[in-house]
Structures are given as C-alpha cells and as structure tokens.
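Student:
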Amino acid sequence: MYWIHLLLWFYVTGVEMVQKQDFKTCKQSGFCRRNRALASKASRLGAQHVSPYRLDPSTVKLEHGSLEGIVYKTINTTTSDIALPLHISFLKSGAVRVTLDEQRRRDLDIALPAGKEHLINKARFNEAEKYAIAGGLDVDESITTIKSHDDGFNIQYGPGKTYEMGLSFKPLKIVFSRDGETEIILNDRGLMNLEHWRSKEEVPEKDSNEPAEMAELEKFSDEEDERAGMWEEDFNGKHDSKPRGPEAVGLDITFVGYANVYGLPEHTGPLSLRETTDSGSDTYDDPYRLYNTDVFQYEPDSPMALYGSIPFMQAHKKGSDAGVFWLNAAETWVDIAKGASNPLSFSASEKSTQTHWVSESGLLDVFVFLGPDSQTLYNTHSELIGKPMLPPLFSIGHHQCRWNYESEDDVLDVTANFDKHDIPYDVIWLDIEYTQAKKYFTWNKAYFPDPARMMDKLEETKRKLVAIIDPHVKKDPDFPLYQEALAGNHCIKDGNGGVYEGQCWPGPSVWPDFTKPETSKWWSEWYDVSKFEGSKDNLHIWNDMNEPAIFTGPDISMHRDSIHDKGWEHRDLHNAYGSMMVKSTYEGMKARNRDEPKRPFILSRSFWAGTQRFGAIWSGDNMGTWEHLESATATLINNGLAGMTFSGADVGGFFDDPPKDMLTRWYQAGAFYPFFRAHAHIDTKRREPWLIGQPYTGMIREAILLRYSLLPTWYTAFYETATSGMPLMRPHFLVFPNDEAGFQVQNQYFIGSSGLLHHPVVKENAPSIELYLADDEPYYDYHQLKLYQGRGRKTIQTPIEYNPVFIHGGHIITRRDRHRRSSELTRHDPITLVVALNNAGTAKGTLYQDDGETFRNENGEYVLREFSFNNTVLTTKNLHPEPEKAKAYEASTTGVKVEKILIVGYKGKASQAEIREDGRTTTAEVEFIRDIGSGMSLLSIRNPAVLVARDWTITLK
Numbered sequence: 005m006y007w008i009h010l011l012l013w014f015y016v017t018g019v020e021m022v023q024k025q026d027f028k029t030c031k032q033s034g035f036c037r038r039n040r041a042l043a044s045k046a047s048r049l050g051a052q053h054v055s056p057y058r059l060d061p062s063t064v065k066l067e068h069g070s071l072e073g074i075v076y077k078t079i080n081t082t083t084s085d086i087a088l089p090l091h092i093s094f095l096k097s098g099a100v101r102v103t104l105d106e107q108r109r110r111d112l113d114i115a116l117p118a119g120k121e122h123l124i125n126k127a128r129f130n131e132a133e134k135y136a137i138a139g140g141l142d143v144d145e146s147i148t149t150i151k152s153h154d155d156g157f158n159i160q161y162g163p164g165k166t167y168e169m170g171l172s173f174k175p176l177k178i179v180f181s182r183d184g185e186t187e188i189i190l191n192d193r194g195l196m197n198l199e200h201w202r203s204k205e206e207v208p209e210k211d212s213n214e215p216a217e218m219a220e221l222e223k224f225s226d227e228e229d230e231r232a233g234m235w236e237e238d239f240n241g242k243h244d245s246k247p248r249g250p251e252a253v254g255l256d257i258t259f260v261g262y263a264n265v266y267g268l269p270e271h272t273g274p275l276s277l278r279e280t281t282d283s284g285s286d287t288y289d290d291p292y293r294l295y296n297t298d299v300f301q302y303e304p305d306s307p308m309a310l311y312g313s314i315p316f317m318q319a320h321k322k323g324s325d326a327g328v329f330w331l332n333a334a335e336t337w338v339d340i341a342k343g344a345s346n347p348l349s350f351s352a353s354e355k356s357t358q359t360h361w362v363s364e365s366g367l368l369d370v371f372v373f374l375g376p377d378s379q380t381l382y383n384t385h386s387e388l389i390g391k392p393m394l395p396p397l398f399s400i401g402h403h404q405c406r407w408n409y410e411s412e413d414d415v416l417d418v419t420a421n422f423d424k425h426d427i428p429y430d431v432i433w434l435d436i437e438y439t440q441a442k443k444y445f446t447w448n449k450a451y452f453p454d455p456a457r458m459m460d461k462l463e464e465t466k467r468k469l470v471a472i473i474d475p476h477v478k479k480d481p482d483f484p485l486y487q488e489a490l491a492g493n494h495c496i497k498d499g500n501g502g503v504y505e506g507q508c509w510p511g512p513s514v515w516p517d518f519t520k521p522e523t524s525k526w527w528s529e530w531y532d533v534s535k536f537e538g539s540k541d542n543l544h545i546w547n548d549m550n551e552p553a554i555f556t557g558p559d560i561s562m563h564r565d566s567i568h569d570k571g572w573e574h575r576d577l578h579n580a581y582g583s584m585m586v587k588s589t590y591e592g593m594k595a596r597n598r599d600e601p602k603r604p605f606i607l608s609r610s611f612w613a614g615t616q617r618f619g620a621i622w623s624g625d626n627m628g629t630w631e632h633l634e635s636a637t638a639t640l641i642n643n644g645l646a647g648m649t650f651s652g653a654d655v656g657g658f659f660d661d662p663p664k665d666m667l668t669r670w671y672q673a674g675a676f677y678p679f680f681r682a683h684a685h686i687d688t689k690r691r692e693p694w695l696i697g698q699p700y701t702g703m704i705r706e707a708i709l710l711r712y713s714l715l716p717t718w719y720t721a722f723y724e725t726a727t728s729g730m731p732l733m734r735p736h737f738l739v740f741p742n743d744e745a746g747f748q749v750q751n752q753y754f755i756g757s758s759g760l761l762h763h764p765v766v767k768e769n770a771p772s773i774e775l776y777l778a779d780d781e782p783y784y785d786y787h788q789l790k791l792y793q794g795r796g797r798k799t800i801q802t803p804i805e806y807n808p809v810f811i812h813g814g815h816i817i818t819r820r821d822r823h824r825r826s827s828e829l830t831r832h833d834p835i836t837l838v839v840a841l842n843n844a845g846t847a848k849g850t851l852y853q854d855d856g857e858t859f860r861n862e863n864g865e866y867v868l869r870e871f872s873f874n875n876t877v878l879t880t881k882n883l884h885p886e887p888e889k890a891k892a893y894e895a896s897t898t899g900v901k902v903e904k905i906l907i908v909g910y911k912g913k914a915s916q917a918e919i920r921e922d923g924r925t926t927t928a929e930v931e932f933i934r935d936i937g938s939g940m941s942l943l944s945i946r947n948p949a950v951l952v953a954r955d956w957t958i959t960l961k
C-alpha cells in the first residue's frame with residue numbers, strides 16, 4: 005500500500021510538477037504509434053503511397069438523403085479484402101455524416117479469448133451517438149440524385165444545393181465543396197485506417213509486388229514493432245488485456261486553404277491550434293490527446309490530455325468557415341500540420357491545414373460542416389450536440405470555494421465577512437471534507453450538525469450552497485449507497501466480470517455504470533431531499549473526479565478493459581463517462597422540486613460533447629502562476645468554440661499561494677470568465693478577499709462589483725448562447741471574420757454580441773497592454789469612457805487597479821448600478837443604459853430577463869427587448885416572438901425602470917430629452933458631462949423613469 009499513500013501525498017501536498025510519467029505519450033500508445041507510423045510511411049513514399057480502401061460502385065445506393073455502399077480494404081494479393089459498410093447521411097441542417105463500420109464485427113463473427121465470450125460485446129462500439137447527440141439528425145430526403153463519372157460520383161446538397169460532395173472510388177476519397185470551392189477532403193493523404201479484426205496468430209503475408217520503397221518502410225515498421233500493443237499492452241505496470249484485438253480507426257482530414265484551426269478542447273496552448281508534426285520551436289512533439297484524466301498541476305502550454313474532450317475542430321479563413329465533429333468517445337489523438345500549399349489555389353500564399361485523427365476503438369463517424377460562416381457552423385453543430393443550457397441567474401455570479409470550509413460556523417463566518425466588507429457573492433462551496441469519511445450524500449455531523457439550518461441561514465441573503473459529489477462509492481458494507489450499488493448491480497465490472505475496484509479519496513471504491521438506464525435513474529434518486537439528508541432547495545452540486553479519476557489506474561483513470569452494460573469496454577466510452585454522470589445528476593436535481601422544477605446548477609470537471617446541456621465546467625487543478633493565468637484565456641475560448649461555453653478557471657490558481665498582485669489580476673480576469681469562482685488547495689493560505697489587505701482588497705472588491713453590475717449583459721449573453729449556440733467568449737476572428745491580422749489574437753475577447761471587449765492583464769508588473777482594434781469604429785474605455793480609435797494596436801497603461809474593459813462603438817450595454825449582496829436581490833433594481841455610438845451615430849443592444857430560476861422561460865415567460873439609438877432618438881421594441889406568453893412575467897417587472905442613460909460619442913448638443921411612453925409625454929434634463937475628443941461628448945439623462953418591459957421613445961432636444 006506504500007505507493008498508494010505516496011500518490012495521495014503527491015496530490016494532497018501539491019508537489020510542484022505534473023507527473024508526466026503517469027500519462028501516456030503517443031509513443032507509449034500502441035494504436036497511436038501504429039497510425040503515426042502509417043503517416044510516416046505515406047510521407048516517405050509520397051505519390052507511390054496508395055490508400056488500400058476502395059468503394060465498390062456496384063454496392064452504392066442513394067435513397068431519401070442516405071447513401072450506402074461497401075468499402076473494401078485490401079491487405080495484399082493473397083488475403084481476402086475486408087468489407088466495411090459505409091453510410092453517408094445528408095442532413096437537413098446542411099451537415100453530412102460519414103460512418104464506416106466493420107462487417108465482420110457487425111456480424112459478431114470474431115473470436116474472443118477463453119472466458120470472455122459472454123462478457124465482451126463483439127461489435128464495434130456504436131452508441132456514442134446516445135451520449136452526445138441531442139437532435140439534428142433529420143435527413144434531407146430531397147437528396148436523390150447522383151452525378152456519376154468513371155472514377156466516382158458527385159452529389160449536390162445543402163441550402164440551395166450550393167454544397168457538393170465528390171467521392172472517388174479507388175482509392176476512396178471524399179471532397180466537400182461550397183460554391184465550387186473545395187473546403188474539406190477526407191482521406192486526402194491516404195491515412196484512412198480501420199484496424200480490422202484478426203486473430204493474434206494471424207500474420208498477414210507481405211505483397212511481393214510492393215515497391216522497393218515500401219519494403220524499406222516495412223523494415224522500418226518492424227523495427228518500430230507495429231504489432232506491439234495490438235492484443236495486450238502494459239503501461240506503468242498496469243495491464244490491458246485487449247480481448248477484441250486491434251480496432252483503432254484513423255482518418256486524415258484536410259482543410260483546404262485554411263491556415264488556422266481552433267477548438268479541440270480541453271488543452272492549454274494557443275487559440276489557433278499548434279502544429280504537432282514538425283520539429284520547429286513553435287510546435288509540439290506529440291499529437292493533441294483527448295483522454296479525460298486527472299492531471300493536477302498541468303503544464304500551461306501542452307497538447308497533453310486534461311479533464312474534458314470535445315472532438316470538434318473549426319477552420320476559419322477570410323470569408324469562410326468549415327468544421328468537423330469526430331463522434332468517438334474513446335481515446336483520440338489528433339496531429340496537425342500547417343503550411344501545406346493549397347494545390348487547388350492559384351495563390352502560392354494560400355495554405356492548407358492537414359489533420360490526422362485516430363481513436364482507439366469504435367466506428368469511424370465524422371460530421372462535416374461547410375459553414376459558410378461561423379454563426380451557421382455553430383448553429384448546425386449545436387443542433388447536433390444540443391444548445392448550452394440557460395443557467396440559473398445566481399450561477400453566473402461570484403462563487404467562493406476552497407478545499408475545505410471546515411464547519412457550519414466557518415461557512416457562516418465567511419458569509420458574514422463578505423457582508424461586512426460589502427463584497428457580493430452568490431454561492432459558497434463544500435469540498436470532500438464535509439462528508440462522513442468521504443461517503444457522499446452524508447454529512448460529517450461533528451462539523452456540520454445541522455446542514456439544513458445552515459442552508460436556511462444562507463437563504464436569508466439569497467445565497468446558495470454547492471456540495472461535492474464524486475462518482476466513487478466507498479467500499480463499506482455499512483454504507484447504504486454501497487449496499488444499493490451492489491444489490492442493484494449498478495457497478496462497473498472488471499475485465500473478468502467481477503465488481504471493479506480502485507483507489508480514490510475514500511480508499512477502496514467502486515464506480516456506478518451510468519450506461520445502464522437503471523443505474524442512472526438510481527443515482528439521480530439519491531439527490532432527492534428524502535435520501536440526501538439535510539439537503540434543501542438552495543443546495544446545488546459539484547461533480548468532481550468524474551473522468552473517472554482512479555489513483556491506482558492507468559493514466560490515473562479506469563482500466564480500459566473494464567466492462568460496462570451490454571459488454572462494452574471502458575475504452576469505448578471513456579470520454580463520455582463524466583457527461584453521463586452529469587446528466588444523471590441533472591435529472592435528479594430537476595426532479596427534486598416536485599411542485600415546480602427549478603434549473604439546477606451543476607459543475608463538472610470532466611466533460612464531453614453534450615455536457616453543456618446540463619451544467620458548467622472549470623479547467624481543473626491549475627497553479628497560482630502568471631503562466632497559468634495567461635493560458636486560461638485561450639483554453640476557455642476554445643472550450644466555448646467547441647460548445648462548452650459555461651466554463652472558468654480557478655481564480656488565484658488551485659495550487660500555491662499567489663502574490664497579492666497576481667491574485668488581484670486574476671480576480672479582474674475571472675470577473676469576465678463565464679464561470680467565476682475562486683478556489684484553493686487545502687494546503688494554501690486562506691485568501692478570502694478581506695484577508696489580502698488594502699489596497700488589494702478594494703481592487704478585488706471592485707472587480708467583483710463590476711461583474712455584478714454587468715449581470716444583465718451577462719445573462720443576455722447566456723440567453724443568446726442558449727438559443728444560437730454561439731460562444732460567450734468570442735475571439736476576434738468571430739467578430740471580425742475578414743480581418744486576417746486578428747485570426748490569432750488570443751489575449752482579448754468580446755462577451756457575446758454585447759460589444760464589451762476585455763483584455764486581461766496576465767503579465768507580472770505589466771505597465772501596459774497592447775490592445776488590438778480591428779476596425780476604425782470608436783472604442784470607449786468602460787470605466788472612464790475615454791475614446792480610442794484607429795485600426796491597429798494601442799498601448800494602454802495598466803496600473804494595478806485598472807481592469808482593461810472597452811465598449812465597441814455601436815452597442816448599448818445594460819447594467820445595474822446598485823450594490824446588493826447577491827444576484828437574486830438585484831432582480832427588481834433599475835437599469836442603466838450605456839449607449840456607445842459608432843461613427844454613424846447609431847447603437848443597438850438587447851436585454852433578456854426572466855425569473856432566473858424556473859423553466860417558465862421555456863413557455864415564453866420572459867422579456868426580450870431591443871434598444872436602438874439613431875441620430876437623436878433612442879427607442880425600444882419587443883423582440884419576443886410570442887408576446888402574449890410574456891404578459892404574466894412582464895406584469896412582475898412593472899417596477900423595473902431605466903434610471904439612467906449615458907450616451908457616449910454624441911456629436912451634437914442637447915439639453916433636454918422628450919420621453920414618450922403609453923401615450924404620455926414628459927421631459928428629463930440632459931446633462932453634458934465632458935468632451936471625449938474628436939468632437940464627441942458624454943451626455944447623461946437622469947431618471948427617465950421608463951419601464952424596461954414597455955415600448956417608449958426618447959428624443960434629444
């Protein structure tokens with residue numbers, strides 16, 4: 005047991021290093037190594053490399069938007085070809101789905117090792133769709149025409165039939181075009197590789213007709229021992245039996261004419277994904293790895309796997325977007341090569357990006373999106389995996405957490421100190437120590453004797469409590485959760501069919517099998533107040549360690565040959581496990597409020613495609629360093645581009661004791677993360693804001709107050725994301741898609757469509773930042789409304805108290821200026837409008853409001869208003885598509901008024917405002933505040949007293 009305690013010591017004490025030896029590299033992963041060797045062969049052979057995959061034309065059939073055929077894989081001249089069923093779906097959304105299976109495994113015609121026949125499913129894992137896809141699979145049945153030619157065929161599809169798929173029979177290659185321009189090519193380099201089943205004893209004969217170069221490469225491959233790891237593999241003393249043999253799937257995907265690709269979370273490193281196949285100083289040695297695992301104190305610039313995975317990649321160039329979604333929940337590696345000349349372009353400077361995707365098992369299943377723009381791309385992708393949930397209002401406020409708040413008195417004392425120092429917060433968190441001996445759904449009564457009373461005290465100021473619930477179940481015969489797990493057959497099995505056991509926080513533990521509907525329902529029922537003793541409506545949940553993290557397992561996770569329901573191995577669905585847990589938690593929390601369901605808040609560490617439908621995530625166990633502060637921005641943006649929009653990073657860093665200036669800068673940055681939480685390791689010094697000392701406490705308070713004042717803008721941005729799938733944190737290339745100079749800008753970003761631009765200060769003792777402006781419109785410093793204008797980089801001075809936030813001219817910001825202790829207490833406070841005019845003297849903005857907690861918004865009970873300024877007139881109109889449904893909620897907002905209007909960038913003179921509302925005309929004084937330069941001024945209309953939810957017009961006179 006010594007080594008188990010040693011590993012726990014590393015985690016708890018926070019040894020300052022990532023234990024890289026605990027996690028596989030590509031060279032240590034048999035299937036990754038084999039597929040990289042294939043890529044190396046293809047590169048060395050050049051034009052002589054021919055992909056062994058061909059589509060038999062006689063098997064092709066297109067009916068009602070779906071194409072089927074048989075692809076054959078040629079091994080050599082003496083071995084029968086391998087039959088691989090191909091299915092291509094042309095979806096109504098304009099996306100195309102390409103799926104390749106293996107006939108022999110589909111027919112269950114493979115042999116398993118003795119003793120495994122009744123334990124392991126012989127098919128390729130074909131249920132990833134169940135855990136990721138929410139909709140969008142309707143087929144466009146109007147697609148019925150094939151244009152054939154000698155080498156293949158073409159099919160037109162999509163809006164107005166402006167998209168085209170061209171397929172070549174031999175070798176198989178699929179080309180996707182839009183408006184006559186090639187966008188994406190599958191199997192462009194001939195790296196398609198579906199590892200077919202063969203017995204361990206079966207050694208394929210070499211083709212005597214292969215070229216001399218191939219023979220040399222085979223010699224190279226033998227030296228690399230490609231067969232190693234096909235039928236069994238060992239890593240760090242952990243054995244993987246691989247009863248189904250080699251079953252990896254691989255495909256090269258070329259983005260033609262695109263030099264920048266994004267997404268592929270979760271990783272640190274640059275926003276525009278880095279090359280992995282070159283030896284240059286700005287490249288990685290390993291592919292990007294997607295394998296959810298527990299990587300504490302991870303590196304701030306690395307392709308190593310982290311806690312979550314979404315195999316989505318977006319390519320962007322001037323005037324065009326394209327993307328792919330690789331539907332596979334197994335371990336996946338992605339190589340990226342940039343700078344390859346586009347052979348289809350007359351421009352020598354137009355480059356392409358080549359990618360190579362490889363997964364350990366499952367189907368080859370890929371969705372292709374042809375844009376044409378980012379908004380269409382995100383909408384189509386989010387139709388498939390589901391739009392992000394609209395979170396409850398409190399959850400986008402300020403969260404206070406550490407490992408651990410020690411008792412009820414500690415929780416209430418922290419709350420009292422926030423109030424004493426006039427610092428708002430919405431949620432206080434409990435880590436694992438609140439439980440009885442790490443047994444979840446229990447309380448340590450020595451320190452939390454009456455949790456319901458504690459939650460009632462929090463409710464007095466409308467605060468919430470979040471408690472951690474991990475998936476490991478302590479092996480204790482007296483623990484009811486463990487008893488039920490065994491009795492109900494709810495546990496994941498080991499490779500021999502017994503209950504899988506591993507080590508985590510409680511010691512010996514078992515894990516629920518969320519692939520079983522009965523288990524998911526059983527787990528969700530434990531959140532009921534009748535079972536989770538002491539819980540109340542204001543308790544919400546933190547699902548941590550759900551990769552799953554297992555201290556004694558390979559890659560600090562579960563053995564891959566563990567067995568789930570239906571005989572699927574854990575390797576098949578590993579990346580989806582955490583998402584399955586969150587879904588079960590969500591359903592349980594939603595059902596908890598029987599009278600009227602309320603929107604749950606759930607934070608998960610692990611995520612996959614679909615997790616965004618159920619909650620938020622954070623970037624895990626970061627460090628309190630400037631490098632981690634800096635890297636967080638690009639990580640969170642890429643999370644959002646792939647669909648996981650509600651994400652954040654631990655403010656201050658989980659490990660270490662950050663210096664005061666760094667902690668201040670992190671609060672300033674965190675106030676503009678979608679998920680805003682301060683968190684710290686058990687061995688760090690307490691760092692609640694009032695403990696830092698002045699002047700830093702005051703600066704931290706100002707950062708938090710700024711977040712609260714802008715909650716109307718944030719909540720509106722969350723609504724836009726929940727309805728459109730567009731990211732919350734928007735990098736420059738989304739806002740200015742034709743500005744090539746901004747395609748790699750990653751240190752500043754916009755909040756939704758609000759026009760708010762944030763550039764966090766992430767360097768130690770930084771006297772200034774370089775703000776990049778992509779157009780000639782005015783930009784106004786948010787705090788002083790100072791004018792910046794002119795395309796290019798602007799040097800902005802950044803004293804420690806200054807948080808660089810700007811408003812892009814042409815936008816109207818909504819905010820609340822009254823300080824409250826929590827977000828719920830602000831709901832009926834008046835609104836301030838900041839009208840930031842563009843060069844044309846116009847501006848627009850929107851405001852979304854609902855009750856912030858129930859699902860009544862799904863029935864139309866919300867307010868959605870547009871504010872518009874043109875010339876001298878400010879108007880508002882109702883954007884609700886069904887206004888009759890909104891009347892009940894509108895009635896509850898009759899006291900919410902606009903108490904102040906700031907107009908910045910006004911080029912005329914005004915002394916009075918004429919206000920028309922409900923047939924009445926009144927006036928208000930217009931105050932000239934100051935000139936801001938370039939003939940522009942800042943004006944203020946005090947207390948126009950118009951209702952937020954009504955139509956009105958204000959005209960400057």
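Take 5 as the starting number for the sequence shown in this note's numbering and just add one per residue.
Using N, Cα and C, we set each Cβ at its ideal position, and we do this for glycine too.
Here the structure is a predicted model, which is why all the values come from computation and not from measurement.
Since residue 267 and residue 317 are thought to touch, with beta carbons under 8 Å apart, how far apart are those beta carbons, to the nearest angstrom?
Tutor: In the sequence shown, the residue the question calls residue 267 occupies position 263. In the sequence shown, the residue the question calls residue 317 occupies position 313. The Cβ separation is near 5 Å, so the contact holds.
Student: Go to residue 397, then tell me how far its alpha helix (DSSP H) extends in each direction, as first and last residue.
Tutor: Within the sequence shown, the letter at position 393 stands for residue 397. Counting along the chain, residue 397 falls outside any alpha helix (DSSP H), and DSSP gives it neither H nor E.
Student: Can you confirm whether the segment 283-297 touches the segment 759-766 when touching is taken to mean that 3 or more C-beta pairs between the two stretches lie within less than 8 Å?
Tutor: Too few Cβ pairs lie closer than 8 Å, so no.
Student: With a threshold of 16 other CB atoms inside 10 Å of the CB of residue 203, please say whether the residue is buried or exposed.
Tutor: Position 199 of the sequence shown, counted from the start, is the residue given in the question as residue 203. Counting Cβ neighbours within 10 Å, residue 203 comes out exposed, since fewer than 16 surround it.
Student: Take residue 896 and list the residues in its own chain whose beta-carbon comes closer than 6 Å to its own, dropping the five residues that flank it on each side.
Tutor: Numbered from 1 along the sequence shown, position 892 holds the residue referred to as residue 896. So the list is empty, once near-sequence residues are dropped.
Student: Does the beta-carbon distance from residue 780 to residue 795 come in below 9 Å?
Tutor: Translated into the one-based positions of the sequence shown, residue 780 becomes position 776. Translated into the one-based positions of the sequence shown, residue 795 becomes position 791. Contact flag set, yes.
Student: Any idea what DSSP makes of residue 350, helix, strand or coil?
Tutor: What you label residue 350 is simply residue 346 of the sequence shown in a count that begins at 1. Because the pLDDT of residue 350 is 38, which lies under 50, any placement of that residue in the model is unreliable, and the question is left without a value.
Student: Going by DSSP, which residues form a beta bridge with residue 608?
Tutor: In the sequence shown, counting from the first residue as 1, residue 608 sits at position 604. Paired residues: 547 and 621.
Student: Kindly indicate the opening and closing residues of the alpha helix (DSSP H) around residue 38.
Tutor: Locating residue 38 in the sequence shown gives position 34, where the first residue counts as 1. Taken as a continuous stretch (DSSP letters only), the alpha helix (DSSP H) holding residue 38 covers 34-49.
Student: Which stretch, first to last residue, makes up the alpha helix (DSSP H) that contains residue 380?
Tutor: Within the sequence shown, residue 380 is the residue found at index 376, counting from 1. Where residue 380 is concerned, the enclosing alpha helix (DSSP H) stretches over 378-389.
Student: If you follow the beta strand (DSSP E) that residue 324 is in, where does it begin and where does it stop?
Tutor: Here residue 324 is taken as the residue at index 320 of the sequence shown, counted from 1. Run containing residue 324: 324-330, per the beta strand (DSSP E) assignment.
Student: Using a threshold of 9 Å, state whether the C-beta atoms of residue 782 and residue 791 are closer than that.
Tutor: Against the sequence shown, residue 782 aligns to sequence position 778. Against the sequence shown, residue 791 aligns to sequence position 787. Yes.
Student: Taking the alpha-carbon positions, what's the residue 482 to residue 488 distance?
Tutor: Counting from 1 along the sequence shown, the entry for residue 482 is found at position 478. Counting from 1 along the sequence shown, the entry for residue 488 is found at position 484. Cα to Cα, residue 482 sits roughly 11 Å from residue 488.
Student: Closest by CA to residue 98, which one among 920, 69 and 84?
Tutor: Locating residue 98 in the sequence shown gives position 94, where the first residue counts as 1. Cα-wise, what sits closest to residue 98 is 69.
Student: Can you tell which of 76, 105, 71 and 106 has its C-alpha closest to the C-alpha of residue 95?
Tutor: Working through the sequence shown from its first residue, we reach residue 95 at position 91. Of the listed residues, the one whose Cα sits closest to residue 95 is 71.
Student: With three or more C-beta pairs closer than 8 Å as the rule, is the segment 239-257 touching the segment 115-129?
Tutor: Contact between the segment 115-129 and the segment 239-257 is present, because at least three Cβ pairs lie under 8 Å.
Student: Does the distance from the CB of residue 830 to the CB of residue 603 come in under 9 Å?
Tutor: Taking the first residue of the sequence shown as 1, we reach residue 830 at position 826. Taking the first residue of the sequence shown as 1, we reach residue 603 at position 599. Result no, Cβ atoms of residue 830 and residue 603 do not sit closer than 9 Å.
Student: Going by the CB atoms, is the gap between residue 660 and residue 627 shorter than 9 Å?
Tutor: Within the sequence shown, the letter at position 623 stands for residue 627. Within the sequence shown, the letter at position 656 stands for residue 660. Yes, the pair counts as a contact, with Cβ atoms nearer than the cut-off.
Student: Would you report the Cα separation of residue 434 and residue 470, rounded to the nearest angstrom?
Tutor: By one-based count along the sequence shown, residue 434 stands at place 430. By one-based count along the sequence shown, residue 470 stands at place 466. Cα to Cα, the separation comes out at about 6 Å.
Student: Where does residue 191 sit, in a helix, a strand or coil, going by DSSP?
Tutor: Looking up residue 191 in the sequence shown gives position 187. Three-state result, residue 191: coil.
Student: Which two residues bound the contiguous beta strand (DSSP E) that contains residue 371?
Tutor: Locating residue 371 in the sequence shown gives position 367, where the first residue counts as 1. Note, residue 371: beta strand (DSSP E), 368-373.
Student: Measuring straight from C-alpha to C-alpha, what distance separates residue 958 and residue 919?
Tutor: For this step, residue 958 is matched to residue 954 along the sequence shown. For this step, residue 919 is matched to residue 915 along the sequence shown. Straight-line Cα distance between these residues: approximately 5 Å.
Student: Verify whether the separation of the beta carbon atoms of residue 636 and residue 623 is less than 9 Å.
Tutor: For the purposes of this step, residue 636 is identified with residue 632 of the sequence shown, where counting begins at 1. For the purposes of this step, residue 623 is identified with residue 619 of the sequence shown, where counting begins at 1. Contact flag set, yes.
Student: Does the distance from the C-beta atom of residue 864 to that of residue 890 stay below 9 Å?
Tutor: In the sequence shown, residue 864 corresponds to position 860, counting from 1. In the sequence shown, residue 890 corresponds to position 886, counting from 1. Contact flag set, yes.
Student: Please work out which residues of its chain come closer than 7 Å, Cβ to Cβ, to residue 87, disregarding the five sequence neighbours upstream and downstream, and give them in chain order.
Tutor: The count along the sequence shown starts at 1 and reaches residue 87 at position 83. The answer, listed in chain order, is 74, 76 and 107.
Student: Taking the C-alpha atoms as reference points, what is the distance between residue 261 and residue 195?
Tutor: Translated into positions along the sequence shown, residue 261 becomes position 257. Translated into positions along the sequence shown, residue 195 becomes position 191. Each residue's Cα considered, the two are about 20 Å apart.
Student: Spatial neighbours of residue 747 within its chain, please: CB distance less than 7 Å, with the 5 preceding and 5 following residues excluded, ordered by chain position.
Tutor: Indexing the sequence shown from 1 puts residue 747 at position 743. Taken in chain order, the residues that qualify are 264, 276, 320 and 737.
Student: Can you tell me where the alpha helix (DSSP H) with residue 693 in it begins and where it stops?
Tutor: Translated into the one-based positions of the sequence shown, residue 693 becomes position 689. That run of the alpha helix (DSSP H) goes 693-696.
Student: So residue 807 and residue 672 are supposed to be a Cβ contact under 8 Å. How far apart are they, rounded?
Tutor: Counted from its first residue, the sequence shown places residue 807 at position 803. Counted from its first residue, the sequence shown places residue 672 at position 668. So it is a contact: roughly 4 Å between Cβ atoms.
Student: Give the DSSP bridge partners of residue 627, in chain order.
Tutor: For the purposes of this step, residue 627 is identified with residue 623 of the sequence shown, where counting begins at 1. Per DSSP, 659.
Student: State the DSSP-derived secondary structure class of residue 508, mapped to helix, strand or coil.
Tutor: The residue given as residue 508 occupies position 504 in the sequence shown. Strand, per DSSP.
Student: Could you tell me the alpha carbon to alpha carbon distance between residue 837 and residue 739, rounded to whole angstroms?
Tutor: The residue labelled residue 837 in the question sits at position 833 within the sequence shown. The residue labelled residue 739 in the question sits at position 735 within the sequence shown. Straight-line Cα distance between these residues: approximately 22 Å.
Student: Check whether the Cβ atoms of residue 605 and residue 538 lie closer than 9 Å to each other.
Tutor: The count along the sequence shown starts at 1 and reaches residue 605 at position 601. The count along the sequence shown starts at 1 and reaches residue 538 at position 534. Cβ distance not < 9 Å, so residue 605 and residue 538 don't count as in contact.
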